[in-house]
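Notes for the one structure printed next.
Numbering (my numbering), first residue to last: 49 to 418.
Take a look at the structure:
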């Protein structure tokens with residue numbers, strides 16, 4: 049990596065997609081997605097109906113502020129493969145891959161613990177995950193918690209919900225659950241994401257071989273069910289978000305019985321460079337679409353993921369394309385990297401042996417503001 053790139057502090061991602069246990073080879077031609085500090089970024093290459101596409105992904109993280117909008121913090125890294133609890137593949141997942149080429153609906157999920165209210169140990173209580181646009185509920189879901197012993201913080205993992213070996217809806221569960229669906233005790237319940245190997249997700253692959261989604265370029269068949277990439281439980285997928293809704297958590301904070309905080313009103317944008325020879329205007333703007341909310345109760349933060357895809361005229365465009373991503377919040381426009389910095393980042397990506405990309409910090413004076 050050049051000293052100039054290190055000094056400038058580019059955040060570059062040349063990502064490969066992994067929706068299973070097998071790690072694919074690095075792409076033969078890296079595509080560069082660059083972002084200033086405060087934003088994580090990546091790209092996914094895929095082919096459908098014989099045409100290449102590049103999906104640009106941006107991610108930013110915001111800390112809870114009770115009664116007020118969230119504030120920016122260091123972004124959670126791009127997750128390029130499912131992460132299991134205790135890093136054990138025989139456990140449910142803690143985090144799912146961000147590298148989906150497209151999501152038709154918005155995934156909302158919560159990871160963390162349920163926190164018992166003051167009172168006698170082992171007393172049942174309820175927890176709630178909700179999103180409101182003004183007074184209108186967009187998502188409002190409750191779980192019943194029945195702790196065992198003197199537990200005051202109960203992990204909201206699927207191992208604590210109803211289920212067991214051979215159950216497609218929760219093969220990791222138990223017949224003595226602590227986390228329950230209040231309307232039906234014999235049904236798996238949770239707020240957490242579902243892993244890519246979850247039986248109910250794998251069924252959606254149909255005849256698509258899993259290897260088709262594990263290469264450097266995902267091969268999407270004509271009859272593919274895109275809901276395979278949705279990781280949130282079905283009742284936690286919403287149609288649309290403006291990005292400034294109110295998040296309400298009850299029984300999910302270690303010190304507050306109820307927390308009410310507002311999404312930051314952030315939006316993600318991209319500029320596409322390097323494709324003028326293929327008929328794309330240099331610096332072509334691209335509005336990314338918010339499609340994932342990861343609410344992290346333990347870290348008291350929320351990570352937002354945006355994505356947007358565009359077609360590439362031919363394979364040669366993969367070598368030329370460079371994308372810079374920025375996230376803006378009200379009153380603070382995004383800081384853009386200069387084209388020269390993107391080119392340096394791309395050269396560094398091509399030289400590095402790390403297939404997951406290189407991440408460095410970028411100082412404010414090295415960013416280009418608009």
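Note that CB positions come from ideal geometry on N, CA and C, so glycine has one too.
- Counting along the chain, residue 248 sits inside the alpha helix (DSSP H) bounded by residues 247-250.
- Here residue 267 carries a strand assignment [DSSP, helix/strand/coil].
- Assigned with DSSP and collapsed to three states, residue 282 falls in helix.
- In terms of CA proximity to residue 133, 159 leads the group 159, 155, 146.
- By the neighbour-count definition (other C-beta atoms within 10 Å, threshold 16), residue 349 is a buried residue.
- Looking at the backbone, the Cα of residue 252 and that of residue 238 are separated by about 21 Å.
- Exclusion of the five residues before and after residue 124 leaves 109, 351 as the residues of its chain whose Cβ lies within less than 6 Å of its Cβ.
- Of the candidates 199, 137, 106, 106 places its Cα closest to the Cα of residue 127.
- Here DSSP, grouped into helix, strand and coil, assigns residue 358 to strand.
- A buried status is given to residue 163, since no fewer than 16 other beta-carbon atoms sit within 10 Å of its beta-carbon.
- Residue state for residue 321 is assigned as strand, using DSSP reduced to three classes.
- CA-CA distance, residue 183 to residue 339, rounds to 22 Å.
- Between the alpha carbons of residue 154 and residue 223 lies a gap of roughly 31 Å.
- Taking a contact to require three or more Cβ pairs closer than 8 Å, the region 241-256 and the region 288-307 do not qualify as touching.
- The bridge partners DSSP lists for residue 298 are 176, 306.
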